[in-house]
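Quick note on the numbering used here: the sequence shown kicks off at 1 and runs consecutively.
Even for Gly, the Cβ is constructed at its ideal location relative to N, Cα and C.
What you are looking at is a predicted structure, and each value in this text was computed from that prediction instead of being measured.
Structure first, commentary second.
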Amino acid sequence: TSEHMAAAGVFALINAYAFLKYVQNFLTKAEFRYFFFTAVTVAAAVVFVAVVGLTWAGFIAPWSGRFYSLWDTGYAKIHIPIIASVSEHQPTTWVSFFFDLHILVCAFPVGAWYCIKNINDERVFVVLYAIFASYFAGVMVRLMLTLTPVVCVLAAVAFSKTFEVYLK
Numbered sequence: 001t002s003e004h005m006a007a008a009g010v011f012a013l014i015n016a017y018a019f020l021k022y023v024q025n026f027l028t029k030a031e032f033r034y035f036f037f038t039a040v041t042v043a044a045a046v047v048f049v050a051v052v053g054l055t056w057a058g059f060i061a062p063w064s065g066r067f068y069s070l071w072d073t074g075y076a077k078i079h080i081p082i083i084a085s086v087s088e089h090q091p092t093t094w095v096s097f098f099f100d101l102h103i104l105v106c107a108f109p110v111g112a113w114y115c116i117k118n119i120n121d122e123r124v125f126v127v128l129y130a131i132f133a134s135y136f137a138g139v140m141v142r143l144m145l146t147l148t149p150v151v152c153v154l155a156a157v158a159f160s161k162t163f164e165v166y167l168k
């Protein structure tokens, strides 16, 4: 389905990166630059034609209503009421956040603040993950599962920094 195409795309990108790193050992810098731009252009054209062709032929289905309801929260109510009627597709209430995450709800923003305060590549990933997971967990109850790991990590950062200050 279309929902699995992103994972397949990431898998293809990782393999392409490994292939380019392998080829880089055998080419000069100028040759590699030419090879890289040619390979990227050809690959982009092939992927575009393949996706358009497979969609037109019916092998790749369009996005589902659940996917659209993540971006437009009123989509399911208007177009597909059966999706809107399922309880796990409902927006998350604040009570659910507090019931599921307990004290970590309060520590989570502090950990995010510590990560933003001393930003580096790894912390950018954690902060972006926290932002997107918070949004998606607010849109759909079942996506609270995607928020929980980053809440635990950022709350641990907050507790660690706090204990570091007071336990010296």
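Check: When the Cα atoms are used, what is the spatial distance from W56 to A50?
Finding: Taking the sequence shown and counting its residues from 1, the one referred to as residue 56 is at position 56. Taking the sequence shown and counting its residues from 1, the one referred to as residue 50 is at position 50. One C-alpha to the other measures close to 10 Å.
Check: Is it true that the CB of C106 sits closer than 9 Å to the CB of L154?
Finding: Start at 1 with the first residue of the sequence shown, and residue 154 comes out as number 154. Start at 1 with the first residue of the sequence shown, and residue 106 comes out as number 106. For L154 and C106, no; Cβs fall outside 9 Å.
Item checked: Closest residue to V141 among T92, T28, L27, N15 (Cα-Cα distance) -> For the purposes of this step, residue 141 is identified with residue 141 of the sequence shown, where counting begins at 1. Residue T92 is the option with its Cα nearest to V141.
Checklist line | Buried versus exposed, by CB contacts within 10 Å (16 or more), F108 | finding: As a working note, residue 108 is residue 108 in the sequence shown. Label assigned to F108: buried.
Next item on the list: With a 10 Å radius around its C-beta and 16 neighbouring C-beta atoms as the bar for buried, classify F99 as buried or exposed.
Entry: For this step, residue 99 is matched to residue 99 along the sequence shown. Exposed: under 16 other Cβ atoms inside 10 Å.
Check: What is the DSSP secondary structure of L20, counted as helix, strand or coil?
Finding: Taking the sequence shown and counting its residues from 1, the one referred to as residue 20 is at position 20. The answer is helix: DSSP assigns L20 an H, G or I state.
Margin query: With H, G and I counted as helix, E and B as strand and the rest as coil, what does DSSP make of H4?
Written below: For the purposes of this step, residue 4 is identified with residue 4 of the sequence shown, where counting begins at 1. Looking at H4 - three-state DSSP - the assignment turns out to be helix.
Item checked: CB of L13 within 9 Å of CB of F36, strictly -> Position 13 of the sequence shown, counting from 1, holds the residue named residue 13. Position 36 of the sequence shown, counting from 1, holds the residue named residue 36. Cβ distance not < 9 Å, so L13 and F36 don't count as in contact.
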